[in-house]
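S.K.: Per numbering that gives the first Met the number 0, the sequence shown starts with residue 0, numbered consecutively.
All C-beta atoms, glycine included, are put in the ideal place defined by N, C-alpha and C.
A quick note: this is a predicted structure, and the numbers were derived from the prediction, not measured.
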Amino acid sequence: MKHLHASIGLVALVTSSNNFSGGSFSALAFTPIGTQSKCIKTRRSTSRLQVSSLNSDSKDAQEDKYDTAELMASEMEQARLSNQYARYSHDDWLRHRASDRFFANLFKFDKSPIVKNLLDEAAILAVICVGIILWNELLIEGWTDLNEVHHEAPLADLLPSALTFKLALPTEPFFLCGGPLGLLLVFRNDCSFGRYKDAFHHWEVACSSLGNMILMAASSGTSNVEGVKQLSAASWAVVRTLQHEVSGGFDTTYAEDLKKNMPDEQQVQRLLSARNKLHRSHYDVHRAVDAFSEDISNLDKRTIINTFNNVATACAECERLYMTPIPLLYTRHTLKFLTLWMAFMPFAFYDVFATSWNHTGMIPAICIICFLFFGIEEIAVSLEEPFSILPLNELVEEFQENAQETIEWMEEEHQASTKEAPMGIEIKV
Numbered sequence: 000m001k002h003l004h005a006s007i008g009l010v011a012l013v014t015s016s017n018n019f020s021g022g023s024f025s026a027l028a029f030t031p032i033g034t035q036s037k038c039i040k041t042r043r044s045t046s047r048l049q050v051s052s053l054n055s056d057s058k059d060a061q062e063d064k065y066d067t068a069e070l071m072a073s074e075m076e077q078a079r080l081s082n083q084y085a086r087y088s089h090d091d092w093l094r095h096r097a098s099d100r101f102f103a104n105l106f107k108f109d110k111s112p113i114v115k116n117l118l119d120e121a122a123i124l125a126v127i128c129v130g131i132i133l134w135n136e137l138l139i140e141g142w143t144d145l146n147e148v149h150h151e152a153p154l155a156d157l158l159p160s161a162l163t164f165k166l167a168l169p170t171e172p173f174f175l176c177g178g179p180l181g182l183l184l185v186f187r188n189d190c191s192f193g194r195y196k197d198a199f200h201h202w203e204v205a206c207s208s209l210g211n212m213i214l215m216a217a218s219s220g221t222s223n224v225e226g227v228k229q230l231s232a233a234s235w236a237v238v239r240t241l242q243h244e245v246s247g248g249f250d251t252t253y254a255e256d257l258k259k260n261m262p263d264e265q266q267v268q269r270l271l272s273a274r275n276k277l278h279r280s281h282y283d284v285h286r287a288v289d290a291f292s293e294d295i296s297n298l299d300k301r302t303i304i305n306t307f308n309n310v311a312t313a314c315a316e317c318e319r320l321y322m323t324p325i326p327l328l329y330t331r332h333t334l335k336f337l338t339l340w341m342a343f344m345p346f347a348f349y350d351v352f353a354t355s356w357n358h359t360g361m362i363p364a365i366c367i368i369c370f371l372f373f374g375i376e377e378i379a380v381s382l383e384e385p386f387s388i389l390p391l392n393e394l395v396e397e398f399q400e401n402a403q404e405t406i407e408w409m410e411e412e413h414q415a416s417t418k419e420a421p422m423g424i425e426i427k428v
């Protein structure tokens, strides 16, 4: 607990120093002019060094060549697509709060994509444990048979005395490093979950704002049903294009869906050939609003445009979340810290499990700890890019159904008002 308090104090000290450094511009105002220019030059050169180091990190990340097709077909990525966000009903919440949830989920390892993705790491740590046991018992301490009879090390005389050392480490360094590692993992998971929550929020803002925009256009008193249909199709294209932009190579039906659901083929071709498809879809929405602007008041038109501004902001935020990960310096340092901590853990477990038969109890223990700690990092990585686990298909389909239903309501009211109107009198709806 003392180590954890010390780690928290260290983080607070670093945070306070960073906050203090943010006020350097105000302190700079009281320095002489020559000193101020030197400070500005130093700061600019330091910024260039920081930018160059970040660029080198991004270049190193790009140089790590992977087969993207193989990664997309991996079991983990397919599990992300199949285990998307699920909407809960009343019965689902009851099962979620059931008292036996601890034991019901404890042994479902075959259904956990995280456990499946960490089998290689657990196998490597198990091999390290076996290597430590064989080295120490065959060369140093000896071994114990099934009858609890201890035997001397059979290979002790094969190596020189300089190489006959015991593979073991004290446990104190791991307790010392456990606090900082826990803070790193907690901060990373908190940031990743924040990205997941923001992505879902921006998607809801985009869909709800577009839906409200169609409702305002349909109920504004206009009789231009075709104009509202064009606005609905253009709005659906915005949602579908946003899904395409944040889905990457997983979205293979984008062009087919546009041709199937949009009536204007030329508009589809212009959208598919655009350099920035999302920006082009925004342009089509503005054109659709102008198509029936003569039938609505300027106040209604301004309200619709202001509503669409919220959509544009939400789309920009979704693109930002998709294109900018958590800073790689933080992610890589956390991975290095966790990997080294887990790789040396078997050396500390050797003496801890001295009472087990030939220290073999350390093998399942290290595998369980591997799943627990690496699982935390795996959850953070899964939430860092949230769009592949969000139910984007359901959101797009629901938006399309709501838009079509709104147009049907408008057509029904228009037909009803036309039938009720006296002969020779036209009533605008």
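(1) Just curious, the alpha helix (DSSP H) that residue 86 is in, first and last residue?
(2) Considering only residues of the same chain and omitting the five flanking positions on each side of residue 219, which have a CB-CB separation below 6 Å?
(3) Let's see if you can read the secondary structure: which residues bound the alpha helix (DSSP H) around residue 238?
(4) If you measure between the beta carbons of residue 321 and residue 245, is that distance less than 7 Å?
(5) Using beta-carbon positions only, say whether residue 405 and residue 209 come within less than 7 Å of one another.
(6) Using only the alpha-carbon positions, how far apart do residue 177 and residue 361 sit?
(7) When the Cα of residue 348 is compared with those of 393, 127, 314 and 212, which residue comes out closest?
(8) Are residue 291 and residue 226 closer than 7 Å when you measure CB to CB?
(9) Between 228, 90, 352 and 304, which has its C-alpha nearest residue 402's C-alpha?
(10) Exposed or buried, which one is residue 385 when buried takes at least 16 other CB atoms within 10 Å?
(11) Using the Cα positions of residue 111 and residue 118, report the straight-line distance between them to the nearest angstrom.
(12) Going residue by residue through the segment 99 to 163, where are the continuous alpha helix (DSSP H) segments of at least 4 residues, counting only ones entirely within it?
(13) Within a Cβ cutoff of 7 Å, which residues of the same chain sit near residue 374, ignoring the five residues on either side of it in sequence?
(14) Where does residue 345 fall in DSSP's three states?
(15) May I have the straight-line CA-CA distance separating residue 207 from residue 234, to the nearest angstrom?
(16) Nearest-angstrom Cα distance between residue 237 and residue 217?
(17) Residue 169 to residue 353, Cα distance in whole Å?
(18) With 16 other CB atoms within 10 Å as the buried threshold, where does residue 7 fall?
(19) Please classify residue 44 as buried or exposed, where buried requires at least 16 other C-beta atoms within 10 Å of its C-beta.
(20) Report the rounded CA-to-CA distance for residue 153 versus residue 136, giving the unit in angstroms.
(21) Determine whether the beta carbon atoms of residue 142 and residue 357 lie at a separation below 7 Å.
(22) So what's residue 405 in DSSP terms, helix, strand or just coil?
(23) Would you mind listing the alpha helix (DSSP H) stretches within the segment 274 to 299 that are 4+ residues and don't spill past its ends, in chain order?
(24) Which value, in whole angstroms, describes the spacing of the CA atoms of residue 371 and residue 259?
(25) Here's the rule: buried if 16 or more other CB atoms are within 10 angstroms of the residue's CB, otherwise exposed. What is residue 414?
M.R.: Let me spell this out:
(1) From DSSP, residue 86 is part of no alpha helix (DSSP H); its letter is neither H nor E.
(2) Cβ within range, chain order: 295 and 299.
(3) Boundaries of the alpha helix (DSSP H) harbouring residue 238: 224 to 246, taken from the DSSP string.
(4) It is a contact, given that the beta carbons lie within the stated cut-off.
(5) Going by beta carbons, residue 405 and residue 209 fall outside the 7 Å limit.
(6) Distance between the alpha carbons of residue 177 and residue 361: 19 Å.
(7) Closest option to residue 348, judged by alpha-carbon separation, among 393, 127, 314 and 212: 127.
(8) Going by C-beta atoms, residue 291 is nearer than 7 Å to residue 226.
(9) Measuring C-alpha to C-alpha distances from residue 402 to each of 228, 90, 352 and 304 identifies 228 as the nearest.
(10) A buried status is given to residue 385, since no fewer than 16 other beta-carbon atoms sit within 10 Å of its beta-carbon.
(11) Each residue's alpha carbon lies about 11 Å from the other.
(12) Inside the segment 99 to 163, DSSP marks whole alpha helix (DSSP H) runs of 4 or more residues at positions 100 to 105, 112 to 116 and 118 to 134, from first to last along the chain.
(13) So the qualifying residues of the chain are 113 and 117.
(14) Of the three classes helix, strand and coil, the one that applies to residue 345 here is helix, per DSSP.
(15) In this structure, the straight-line span from the alpha carbon of residue 207 to that of residue 234 is close to 11 Å.
(16) If you take the alpha carbons of residue 237 and residue 217, they lie about 19 Å apart.
(17) Cα to Cα, the separation comes out at about 13 Å.
(18) Note that residue 7 scores 38 on pLDDT, short of 50, meaning its location in the model is unreliable and no value can be drawn from it.
(19) In this prediction, residue 44 scores a pLDDT of 40, lower than 50, which makes its location untrustworthy; the coordinate-derived value is nonetheless stated afterwards. In this structure residue 44 is exposed. Its beta-carbon is surrounded by fewer than 16 other beta-carbon atoms within 10 angstroms.
(20) Here the C-alpha atom of residue 153 lies approximately 9 Å from the C-alpha atom of residue 136.
(21) Their beta carbons are under 7 Å apart, which means residue 142 touches residue 357 by this criterion.
(22) Helix, per DSSP.
(23) Segments of the alpha helix (DSSP H) lying fully in the segment 274 to 299: 276 to 290.
(24) Rounded to the nearest angstrom, the two C-alpha atoms are 46 Å apart.
(25) By the neighbour-count definition (other C-beta atoms within 10 Å, threshold 16), residue 414 is an exposed residue.
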